[in-house]
Amino acid sequence: MHYLVLMTGSCGNCYIFSTGRDTIIIDDGVTYTKIRTQMEAHEIDISTVRALFLTHLHPDHSKGVGVLQRKLFIPVYISALSKMKNESILIKQKIEMDGLRTYEYGEEISIPGFCVTPFPTSHDSDGSSGYAFTAEGHKYFLMTDTGLIPDEAWKHAEEADVEFIESNYDSEMLENGNYPVFLKDRIRGRFGHLSNNAAIDFAKRTARHGDSIYFVHLSANNNAPSIVRDLVRKEIPSGIFCKVCERGELFEGFLDGDNLFEKL
């Protein structure tokens, strides 16, 4: 498996996973040009893209979807609840309704090279989702934009070889920052985002020796990569690879058989 954290954070989010023959994209909050040029630069053939999966419909995760649909003619998967509750957003973002495929949580979605299982997250975008998927004998887990850790996430993460986990804010920075109270309450509320402490605790309790964990979607105003790295060093056992993905950073990794290769 060859994967790219193309971008993560409020500036845009996009994750690409490729077996070489088949590719899926999770979230598209970037331009088509960026996806195409970076896939070419990292030797992933854009013609291998089989589907796009959306965690939710906030623009930093979905603003590029309409163009990608029209360029690649691929299905776009969202939860049935998201489609039902967000029709006005779909229209505003010029997402093609005919190209949407909906699912129920827990459903196994089989596409070439991948078996994808969505699970519910808790965010202020109706029908938001996280994803667990298998490819080439390994399991992957992605959970971002959730104020609470859903029950379904634990088993998926425990079984995963590679985890992508939101670590959005440092509680002290948020509390002492200049955001208005209503916005602070939104961020730390049940329909907001995961704190560093919650993310690190989840990672520590679900990861196994040899796993790889990526902490993503860090806030530009209420977090710092150095804070997350310090927590990782203190809390995560040795033998687990951890990478803090900075806002807007591109990161490339490989999982080849039982061997993990990271490109910094």
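Residue 1 is where the sequence shown starts when you use UniProt numbering, and the numbers rise one by one after that.
Glycine is no exception: its CB is placed at the ideal position from the N, C-alpha and C atoms.
Predicted, not measured: the structure shown is a model, and the values here were computed from it.
Buried versus exposed call for residue i [16 or more other C-beta atoms within 10 Å across all chains shown]
i           : result
PHE119      : buried
VAL162      : buried
PHE251      : buried
residue 291 : Nothing about residue 291 can be reported from this structure: the residues present for the chain run from 1 to 264 only.
ASP145      : buried
Secondary structure of residue i, DSSP reduced to three states
i      : result
TYR15  : strand
HIS2   : strand
GLY99  : helix
THR55  : coil
LEU142 : strand
GLU40  : helix
GLU249 : coil
ALA132 : strand
GLU163 : strand
PHE182 : helix
SER171 : helix
SER10  : coil
LYS243 : strand
Sequence-distant residues of the same chain with beta carbon closer than 7 Å to residue i, five excluded per side
i      : result
ASP126 : LEU81, SER82, LYS85, ASN86
THR48  : SER18, ARG21, ASP22, THR23
GLU159 : LYS139
ARG229 : VAL244
ASP150 : Sequence check: residue 150 is Pro here, not Asp. Excluding positions up to five away in sequence, the list reads PHE119, PRO120, THR121, SER122.
Own chain residues within Cβ distance below 6 Å of residue i, not counting five before or after
i      : result
HIS156 : ALA132, PHE141
GLU249 : none
HIS2   : SER18, PHE254
ASP124 : PHE191
Inter-residue CB distance, residue i and residue j (contact presumed, cutoff 8 Å)
i      : j      : result
LEU54  : HIS61  : 6 Å
TYR32  : LYS71  : 5 Å
GLU166 : LYS204 : So it is not a contact: roughly 15 Å between Cβ atoms.
LEU100 : ILE74  : That pair is no contact at about 11 Å.
Close beta carbons around residue i, own chain, < 8 Å, minus the five adjacent residues each side
i      : result
ASN222 : ASN168, TYR169, ASP170, MET173, LEU174, GLY177, TYR179, ILE187
Q.
Between the segment 1 to 10 and the segment 216 to 224, can you find at least three pairs of beta-carbon atoms closer than 8 Å?
A. yes
**Q.** Contact the segment 246 to 257 vs the segment 177 to 192: 3+ CB pairs below 8 Å
**A.** no
(Q) For the segment 101 to 115 against the segment 31 to 39, do three or more pairs of beta-carbon atoms, one drawn from each stretch, fall closer than 8 Å, so that the two count as touching? (A) no
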